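In my numbering, the protein residues as written are 70 to 368. From the three backbone atoms N, C-alpha and C, an ideal C-beta is built for every residue, glycine too. Remember, it's a predicted structure, so these values are computed and weren't measured experimentally.
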């Protein structure tokens, strides 16, 4: 089956319309929307809606499974969108465009907020509701989301063992390895702080970025100094706040995940073979952008 790239339509899929053409068409239609098109409806050509709505293939006849499936797919799209914003943030930080980097970071925080809201669509699900189709999922688990792993790696939460499930999906595995081998957003922030005159040790700046960052007093001290200057031109302070919002929203998503698991399956073993709730609770101890939080004690 031919696969469709849902990340973007081809440039030729939608024909551009100038304001003058749009006004002339509205005049011809007497202000009514255009209802006749020679080819594919332009909205569908751009959004790929007809493709999106063919991607739901429930494994059971239980009506609640569609809710579970579609919310999971919505979350996958938000994972990808947030990764897109974080990569744009990295591109701008590497060019020392701190002010410009605030926009994609703030968008990332809003996408994570929407991602958190998606959990509300599953609050109806009790253990009995989930059990009606859970066994049909086999070993399938959200633990196996490759895009979520990209998101974790970009945010600095790094564990090379977590890409092992994808070894037989060679393209996915290669992409995950590339993200793991490249600097995280936090690594790029540390490099930026060093370029702006903050004295960070070489072992922080030259370390193996595939290994998770360990909190360091020098980084904490840098943020204390940055926040001590409250003026409107302190773009690094604004960057700190935008990063904090991303970290907070991501932390909220993880907490919502824990609560959803508690609600639907208690402390049962996860379908992917993990310890389920206990594994998720342990993972919460790993903090995104840790020195931004610890520095506040000294501010």
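- Which of helix, strand or coil DSSP assigns to residue 116: Here the question's residue 116 lines up with position 47 in the chain shown. DSSP places residue 116 in helix when its eight states are reduced to three.
- Given a threshold of 16 other Cβ atoms within 10 Å of its Cβ, counted over all protein chains shown, does residue 258 qualify as buried or as exposed? As a position in the chain shown, residue 258 is number 189, starting the count at 1. Residue 258 comes out buried.
- N-terminal and C-terminal residue of the alpha helix (DSSP H) that residue 98 is part of: Residue mapping note: residue 98 aligns to position 29 of the chain shown, counting from 1. Premise fails: residue 98 is in no alpha helix (DSSP H) and is neither H nor E.
- Of the choices 247, 228, 208, 138, whose alpha-carbon is the least far from that of residue 156? Within the chain shown, residue 156 is the residue found at index 87, counting from 1. For the residues 247, 228, 208, 138, the minimum Cα distance to residue 156 belongs to 247.
- If you count every other CB in all the chains shown that lies within 10 Å of the CB of residue 185, and 16 or more means buried, which is it? Counting from one through the chain shown, the residue named residue 185 turns up at place 116. Answer is buried; the Cβ neighbour count reaches 16.
- Task: Count the other C-beta atoms from every protein chain shown that fall within 10 angstroms of the C-beta of residue 253, then say buried if there are 16 or more, exposed otherwise.
- Result: The sequence position of residue 253 within the chain shown is 184, counting from 1. Buried.
- Message: Helix, strand or coil for residue 213? Go by DSSP, reduced to three states.
- Response: For the purposes of this step, residue 213 is taken as residue 144 along the chain shown, with counting starting at 1. Of the three classes helix, strand and coil, the one that applies to residue 213 here is helix, per DSSP.
- May I ask you to report which of helix, strand or coil DSSP gives residue 201? In the chain shown, residue 201 corresponds to position 132, counting from 1. In this structure, residue 201 counts as helix in the three-state DSSP scheme.
- Message: Spatial neighbours of residue 89 within its chain, please: C-beta separation below 8 angstroms, excluding the five flanking residues on both sides.
- Response: The sequence position of residue 89 within the chain shown is 20, counting from 1. No residues qualify anywhere along the chain.
- Task: Just tell me which of 294, 295, 287 has its CA closest to the CA of residue 271.
- Result: The residue you call residue 271 lines up with position 202 of the chain shown. The residue with the shortest Cα to Cα distance from residue 271 is 287.
- Message: With H, G and I counted as helix, E and B as strand and the rest as coil, what does DSSP make of residue 363?
- Response: Looking up residue 363 in the chain shown gives position 294. Note: residue 363 maps to helix in three-state DSSP.
- Item | contact_flag[the stretch 163 to 180, the stretch 212 to 222] where n(CB pairs < 8 angstroms) is 3 or more | Not touching, per the Cβ criterion.
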